[in-house]
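This report concerns only the one structure given below.
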Amino acid sequence: MRAARLFAYDKPLKIVDVDIPRLKNSTDVLVHITGAGVCHTDLHIVEGVWREKVQISLPYTLGHENAGVIEQTGEDVTAFRKGEKVILHPVITDGLCRACRIGEDMHCENLVFPGITADGGFAEYLVTSQRSLVKLHDLKPEDAAPLADAGLTVIRAVKKVASRTTSGSHVVVQGIGGLGHIGLQLLRCMTNTVVTAVDVVESKLRLAEKLGAHHVIDARKDPVKQVMKITDNKGADVVMDVVGNDQTLANGVKMLRKGGTVIIVGYGGIANLKAIDMIFSEYSVIGSLVGNWDELRELIELTRQGKVKVLTHMGKLDEVNDILERMKKGTFEGRGVVVP
Numbered sequence: 001m002r003a004a005r006l007f008a009y010d011k012p013l014k015i016v017d018v019d020i021p022r023l024k025n026s027t028d029v030l031v032h033i034t035g036a037g038v039c040h041t042d043l044h045i046v047e048g049v050w051r052e053k054v055q056i057s058l059p060y061t062l063g064h065e066n067a068g069v070i071e072q073t074g075e076d077v078t079a080f081r082k083g084e085k086v087i088l089h090p091v092i093t094d095g096l097c098r099a100c101r102i103g104e105d106m107h108c109e110n111l112v113f114p115g116i117t118a119d120g121g122f123a124e125y126l127v128t129s130q131r132s133l134v135k136l137h138d139l140k141p142e143d144a145a146p147l148a149d150a151g152l153t154v155i156r157a158v159k160k161v162a163s164r165t166t167s168g169s170h171v172v173v174q175g176i177g178g179l180g181h182i183g184l185q186l187l188r189c190m191t192n193t194v195v196t197a198v199d200v201v202e203s204k205l206r207l208a209e210k211l212g213a214h215h216v217i218d219a220r221k222d223p224v225k226q227v228m229k230i231t232d233n234k235g236a237d238v239v240m241d242v243v244g245n246d247q248t249l250a251n252g253v254k255m256l257r258k259g260g261t262v263i264i265v266g267y268g269g270i271a272n273l274k275a276i277d278m279i280f281s282e283y284s285v286i287g288s289l290v291g292n293w294d295e296l297r298e299l300i301e302l303t304r305q306g307k308v309k310v311l312t313h314m315g316k317l318d319e320v321n322d323i324l325e326r327m328k329k330g331t332f333e334g335r336g337v338v339v340p
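For the record, in the sequence shown the residue sitting at position 95 is 95 according to this note's numbering, with numbers rising by one throughout.
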């Protein structure tokens, strides 16, 4: 089968022929990948950002937003059958550790993360566990693929927003890209908050308006001052930072009202916080990782109901480096998807 593999950091992925993976366990499932989302994490992996976070030898296949059609099942697989359309939770879990027992799959003590710690879905086939699968029913795998990480990450963050807000609370979303445009839709259908979208790209601000943002802010024009004006100088209840660079992290705290919360979703920057400010204004700064299996199930149901729609740009496997380059430039709207 063909796969896009990383042979050296800071170099384009190479399209090569590799063996089709085999089932190792009786509960394994072989999925024919028909859609694999391209994530900023893929770009960070290529750039070497993750080389000290995970121990993996090059070359290996990237791709952790995967969906497709079941090709083969292990003898003990009972919940799925060949030919069914599925989306893959990004991690393979043991189901036995405490994290798995309480439903927090992404903190599994023995997880395997295809595309990050093992071969991923920028390939024609991928093996996962039946524990990781969610049925897509009438959704197309290539349309749904970005929900496996981009959508799954922001639905978890939006649930944290919901627990910290009430009707009429003000929420700021920094970054209306692959994650942000999904997060904006989830905020509109899962909360009753006033939503302000912030970005540096004009077309993304126009997209935010179409998706239901109550206010949009050009981050090139003092976004903190604009948030304060919109909120009558009180500040936002929650800032959801989907960018996570030095500037957005610094701005996020400055946008808050007393007792407000910054939820960090994007990464790459460093947050510098003055202890006296944190104490005096009782700010909270929390991180938010990818969601669990049930949050993926819920997200698929919301999508089936038409409450969430992913803006996708399809490309062939050979075009994966072009998609990564466009993403790096920051002008890419929505989510790129390769179709192996």
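Yeah, the Cβ is synthetic: ideal placement off N, Cα and C, and Gly gets one too.
- In the three-state DSSP reduction, ARG5 falls in the strand class (E or B).
- Taking a cut-off of 8 Å on C-beta distances, the region 197-206 touches the region 165-179, as three or more cross pairs fall below it.
- Cβ contact annotation for LEU249 (same chain, cutoff 6 Å, sequence separation greater than five): GLY269, ALA271, in chain order.
- Every beta strand (DSSP E) stretch that sits fully inside the region 102-148 and reaches 3 residues is listed by chain position as 125-129, 133-135.
- Taking 9 Å as the cut-off, the beta carbon of THR27 is found no closer than this to the beta carbon of GLY103.
- Counting of Cβ neighbours within 10 angstroms places ILE92 among the buried residues, the total reaching 16 or more.
- GLY120 and VAL239 have their C-alpha atoms some 32 Å from each other.
- Around the C-beta of ASN251, 16 or more other C-beta atoms lie within 10 Å, and the residue is accordingly described as buried.
- DSSP places GLN305 in the coil class of the three-state scheme, outside both helix and strand.
- Under the 10 Å beta carbon count, GLN247 is surrounded by fewer than 16 other beta carbons and is classified as exposed.
- According to the DSSP secondary-structure assignment, ASN66 is paired through a beta bridge with ALA36.
- Minimum Cα-Cα distance from VAL173 among the listed residues LYS329, LEU211, LEU147 corresponds to LEU211.
- Counting only the Cα atoms, VAL338 lies some 8 Å from ASP318.
- Three or more beta-carbon pairs separated by less than 8 Å link the region 29-38 to the region 52-68, which places the two stretches in contact.
- Beta-bridge pairing by DSSP links SER203 to no other residue.
- A contact between stretches requires three or more CB pairs, one per stretch, nearer than 8 Å, and the region 127-146 meets this requirement with the region 74-90.
- Under the rule that a run must span 3 or more residues, the beta strand (DSSP E) segments found entirely inside the region 254-320 read 256-264, 284-287, 312-316.
- If you look at ARG156, you'll find it in the alpha helix (DSSP H) that goes 150-163.
- Boundaries for LYS24: no alpha helix (DSSP H) harbours it, and the DSSP string shows neither H nor E there.
- DSSP places LYS14 within a strand segment (E or B) once states are collapsed to three.
- Between LEU152 and LEU299, the beta carbon gap of about 6 Å places them in contact (Cβ cut-off 8 Å).
- Here ALA219 carries a coil assignment [DSSP, helix/strand/coil].
- Contact check for SER288 and ILE264: beta-carbon distance about 7 Å, within the 8 Å limit, so the pair qualifies.
- Check the Cα spacing between PHE122 and each of ASN321, ALA150, PHE332: the tightest is with ASN321.
- Distances from the CA of GLY244 to each of ARG326, ALA236, VAL262, ARG257 were compared; the closest alpha carbon is that of VAL262.
- For TYR9, the number of other beta carbons within 10 angstroms of its own is below 16, and it is reported as exposed.
- Counting the other Cβ atoms within 10 Å of the Cβ of ASP277 gives fewer than 16, which makes it exposed.
- Within the same chain, and ignoring the five residues on either side of THR61 in sequence, the residues whose Cβ sits closer than 6 Å to its Cβ are ALA3, ARG5, ASP119, GLY120, PHE122, ALA123.
- Sorting LEU30, GLY83, LYS14 by C-alpha distance to the C-alpha of PRO59 places LYS14 at the top.
- Apart from sequence neighbours up to five positions away, the residues of its chain that approach ALA162 with a beta-carbon distance below 8 Å are MET190, THR191, ordered along the chain.
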